[in-house]
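Comments concern the structure below.
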Amino acid sequence: SPSPSSSSKSSNEHKQSIFSESLKDYSSLSKRLLDEIVDICFKNFKKTTSSYLTSNKILDSDDYILDISLEFVNPFIELQYQLTMINKSLNTVSVQTFWKDLTDKLNQFIFTSITSNTSTFSRFGFKALPKLTSKNRSSKLIKFNQFGALQVQYNICTLISFFKTFTPVPEHYFQESIEVFNILTLSNDDLYQLSKNLTTLTEVDKK
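Residue 354 in our numbering is what sits at position 116 of the sequence shown, and the numbering runs on without skipping anything.
In structure tokens, the structure reads:
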């Protein structure tokens, strides 16, 4: 028959195994729950703002108010509330994981919403284009003129600032989005120079 010490060792190993499995289950469940929270926050923001980001609305100087667009007010209020509650409710490690995952999703959503649309980008609006007929209007529709790009940039910069609660440099997590708006809001001279530089680089690559 097994000795008492052998039985005790076997019992301890069994308990350790159960404890280890329980920790794995807890870790897996915790990860799934955190992913679910991130998805809820992201999907809600996406649902309430995608129509604005993918619209072909043209703004003129009277529409550019250098303030949060009305379409963003409610999504921002809800997101701020969610971020505050999560920061209070989750442990430090989970909070870190949460905001990094969320900023990654938001950055990609903003970037693709702006760049994947087939509309033409311009600083000037419809007056800069030849007169459009109803037949070709949709294919040449401008997405953002000068003021439209500046207005959306202001909205997104406001969104980025919400994450200063978690990091002193939230801009690092929205680099693609920031770069897009840096290009869209360039002056005419800077746009010309950028185009010239890109053409030169393309020609060099072909050689």
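C-beta atoms are modelled at their ideal positions from N, C-alpha and C, and glycine is treated no differently.
Around F347, the same chain offers K284 as residues with beta carbons nearer than 6 Å, after the five sequence neighbours per side are excluded. Look at V333 here: in three-state DSSP terms it is helix.
At least 8 Å separates the beta-carbon of F419 from that of W337. In this structure, L397 keeps its C-beta atom at 8 Å or more from the C-beta atom of T335.
Between N325 and V333, the C-beta gap is smaller than 8 Å, which places the two residues in contact. For E414, the closest alpha carbon among the candidates K444, N426, C395 is that of C395. L321 and K444 have their C-alpha atoms some 49 Å from each other.
Look at V311 here: in three-state DSSP terms it is helix. Assignment of V390 by DSSP, reduced to helix, strand and coil, places it in the helix class. By the neighbour-count criterion, in which 16 or more other beta carbons inside 10 Å mark a residue as buried, Q431 falls on the exposed side.
Linking N426 to L436 through their CA atoms gives a straight-line distance of about 15 Å.
Between Y290 and S307, the gap from beta carbon to beta carbon is short of 8 Å.
Looking at the backbone, the Cα of N393 and that of E274 are separated by about 26 Å.
Collapsing the DSSP output to three states places D277 in a helix. For F419, the uninterrupted alpha helix (DSSP H) run begins and ends at 413 to 422, by DSSP. In terms of Cα proximity to L340, the closest of S351, S288, F412 is F412.
Listed in chain order, the non-local C-beta contacts of E409 below 8 Å within the same chain comprise I398, I416, local neighbours out to five positions each way being set aside. Counting only the Cα atoms, N282 lies some 20 Å from T403. For L429 and K269, the gap between their C-alpha atoms comes out near 45 Å.
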